[in-house]
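52 is the number of the first residue of the sequence shown in my numbering; add one for each residue after it.
Cβ atoms here follow ideal geometry from the backbone N, Cα and C, with glycine treated the same way.
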Amino acid sequence: MDRIRLTGGYELNGTIPISGAKNAALPLMIASLLTDEPLVLTNLPRLTDIATLARLLAELGVEIDVMNSSGEWETLTSRTEGRLSLGADQAKRLAGFGPDTKYRPGGRTLRLTAKKIESTHADYELVSRMRASFWVLGPLLGRCGEADVSLPGGCAIGTRPVDLHLQGLEKLGANIELDKGYVIASTKGGLKGAEIRFSMPSVGATHNVLMAAVLAKGETVIENAAREPEITNLAECLVAMGAKIDGIGTSTLRITGVDKLHGAEVAVICDRIEAGTYAMAAGMTGGDVTLTGADPALFEAALQALSAAGVTVDHTDKGIRITRSGTPLTPVDIVTQPYPAFPTDLQAQFMALMTMADGNAQMTETIFENRFMHVQELARLGALVSLHGDRAIVSGVKALRGAPVMATDLRASVSLVIAGLAAEGETTISRVYHLDRGFERLEDKLSACGADISRLPG
Ligand code: UD1
52 MDRIRLTGGY ELNGTIPISG AKNAALPLMI ASLLTDEPLV LTNLPRLTDI
102 ATLARLLAEL GVEIDVMNSS GEWETLTSRT EGRLSLGADQ AKRLAGFGPD
152 TKYRPGGRTL RLTAKKIEST HADYELVSRM RASFWVLGPL LGRCGEADVS
202 LPGGCAIGTR PVDLHLQGLE KLGANIELDK GYVIASTKGG LKGAEIRFSM
252 PSVGATHNVL MAAVLAKGET VIENAAREPE ITNLAECLVA MGAKIDGIGT
302 STLRITGVDK LHGAEVAVIC DRIEAGTYAM AAGMTGGDVT LTGADPALFE
352 AALQALSAAG VTVDHTDKGI RITRSGTPLT PVDIVTQPYP AFPTDLQAQF
402 MALMTMADGN AQMTETIFEN RFMHVQELAR LGALVSLHGD RAIVSGVKAL
452 RGAPVMATDL RASVSLVIAG LAAEGETTIS RVYHLDRGFE RLEDKLSACG
502 ADISRLPG
């Protein structure tokens, strides 16, 4: 297994291109299941999660082509004994690790065509690797009236149930049973519009139920829907495919079902979590970094927290410029909450920043109950953090020291990179596969700005 090795103490100076958002790309790819025409997606990031989902979609019957550097389509899926699949080499290529993959910024363009759904079975082997795969359930039900989908896995940051997904789909008329770790869902006569009120604004349940409702008969109202920008990206994609959705960007989505959707071309929005992560890295090390393509409107709460900490945030025509020179970091308390508040996916990174603040800062995590696993690893670098239920109190220290640490989940692992960049001496991070799920060529982007960071093949 690969590891990341880095020597801390260098300022970051330069430009970091921000990739397309993983959390938007995944539901957009899944939306291809809803039509027999091609869905073209631009600005897709090179990540293992994208490859994992592409493999699952291929098994369901989605043909996948990638646009090569000459602007021509190359087919990634192939057929053996009648079954469509995406081979290991092609998956590697999608993840950005193929033989031709010297890092070049700029997203990928994929064409996904589900002429015919060939299987409605989403197997444990792939769904357990990534929770978002579970979201194929809604569109499969909408288009085919049946699906059996493994219960999901994903980052171990809490119990993460799927009750809201299932309740929403049941309201639309799905009959749902659980058997041997699978959700077996079917409809008699197709899904029918209904009024659904989520008890909490779940991102995944909103994606799943929204994709089911666009092909249901009649009107569906989703109340207390999540409002994350990635949901807006999906809803706008569905509208471009012919869906009728009102209230996009609000917590009440009104969907009028249509008989059929058609193809479209849609761009993946920029990754606000990746942008926020590099903003915090630059705040931590000091220096001057421009995050090109980053849209400040998508993560205002995080940028405000950074400014309050004493990091200078400027909006430029290229993106966001982050600078800090010399001044100590001011402690800032944060509370993670649904969008537009401070995102849970930046909590670990902000905690890393606060480990060197001039005083105590409190991080309150209200979204996931087990999202403090980075605390013990940060402690190995010399951070002082005490845990009190859903709160962590970070007591800033003058210096961190490099150490071997272990990545525990996607966002936690990148907090170790941020802390390591400011620590004295060498840090090695094992279980880097967590990072590769969600951060495109992290070591290339950081070393281009002066960080001493490299990948040690394992
Ligand atoms: C998505 C994001 C993840 C982010 C999270 C919250 C993707 C691929 N993942 O995850 O990066 O951290 O949103 O912004 O986009 N819940 C239930 N029952 C359900 C569903 C959720 O109780 O049926 C709870 C969860 O346990 C959690 C909270 O709701 O406590 C929010 O989860 P949710 O918004 O669904 O997160 P994900 O969609 O899994």
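Can you tell me whether Met251 sits near the ligand UD1, meaning its C-beta is under 6 angstroms from at least one heavy atom of the ligand?
Yes, the beta carbon of Met251 sits closer than 6 angstroms to at least one heavy atom of the ligand UD1.
In whole angstroms, what separates the C-alpha of Thr58 from that of Gly314?
Taking the straight line joining both Cα atoms gives about 48 angstroms.
Straight-line gap, Ala412 to Glu475 (C-alpha atoms, nearest Å)
Answer to the nearest angstrom: the Cα atoms are 22 angstroms apart.
With a cut-off of 8 angstroms, do at least 3 Cβ pairs link the region 346–356 to the region 416–436?
Cβ pair count under 8 angstroms is below three, so no.
For Gly240 and Glu270, believed in contact at Cβ under 8 angstroms, the rounded distance
No, Glu270 and Gly240 are not in contact; Cβ-Cβ is about 17 angstroms, not under 8 angstroms.
Classification of Lys295 by the beta-carbon crowding that lies within 10 angstroms, buried from 16 upward:
It is exposed - the Cβ of Lys295 has fewer than 16 other Cβ atoms within 10 Å.
Rounded Cβ spacing between Leu533 and Val317 (contact assumed at less than 8 angstroms)
Residue 533 lies beyond the range of the chain shown here (52 to 509); nothing can be said about it.
With DSSP collapsed to three states, give me the class of Asn64.
Strand at Asn64.
Within 10 angstroms of its Cβ, does Thr126 collect 16 or more other Cβ (buried), or is it exposed?
Around the beta-carbon of Thr126, fewer than 16 other beta-carbon atoms lie within 10 Å, marking it exposed.
Straight-line gap, Asp174 to Arg182 (C-alpha atoms, nearest Å)
One C-alpha to the other measures close to 12 angstroms.
Any chance the region 421–437 sits against the region 356–367, with 3 or more Cβ pairs inside 8 angstroms?
Not touching, per the Cβ criterion.
When DSSP labels each residue in this structure, what does Gln413 get in the three-state scheme?
Strand at Gln413.
Could you tell me whether any non-hydrogen atom of the ligand UD1 is closer than 6 angstroms to the CB of Phe419?
In this structure, the ligand UD1 has a non-hydrogen atom nearer than 6 angstroms to the beta-carbon of Phe419.
Three-way DSSP call (helix, strand, coil) for Val483 in this model:
Three-state DSSP puts Val483 in coil, outside helix and strand.
Mind checking which residues open and close the alpha helix (DSSP H) that includes Met402?
Its alpha helix (DSSP H) spans residues Gln398 to Met405.
Candidates Ala72, Leu493 and Lys311: which alpha carbon is nearest Arg194's?
The shortest Cα separation from Arg194 among Ala72, Leu493 and Lys311 belongs to Lys311.
If contact is defined by three or more beta carbon pairs under 8 angstroms, each pair taking one atom from either stretch, is the region 157–168 in contact with the region 84–98?
The region 84–98 makes contact with the region 157–168; the number of CB pairs closer than 8 angstroms reaches 3 or more.
Mapping the DSSP letters down to three states, classify Ile208 as helix, strand or coil.
Low per-residue confidence applies at Ile208: pLDDT is 43, beneath 50, and the placement is therefore not dependable enough to give any value.
For Leu289 and Thr66, what's the separation of their Cα atoms in angstroms?
Each residue's Cα considered, the two are about 33 angstroms apart.
To the nearest angstrom, how far is the alpha carbon of Met405 from that of Thr374?
Taking the CA atoms as reference points, Met405 sits about 16 angstroms from Thr374.
Go through the region 127–214 residue by residue and report every complete run of the alpha helix (DSSP H) that reaches 4 residues or more, in order.
Those alpha helix (DSSP H) runs which fall completely within the region 127–214 and span 4+ residues are 139–146, 175–178 and 188–195.
Consider the C-beta atom of Thr395 and the heavy atoms of the ligand UD1; say whether any pair is separated by less than 6 angstroms.
Yes, the Cβ of Thr395 comes within 6 angstroms of a heavy atom of the ligand UD1.
Is Tyr329 helix, strand or coil when you go by DSSP?
DSSP, reduced to helix, strand and coil, places Tyr329 within a helical segment of the structure shown.
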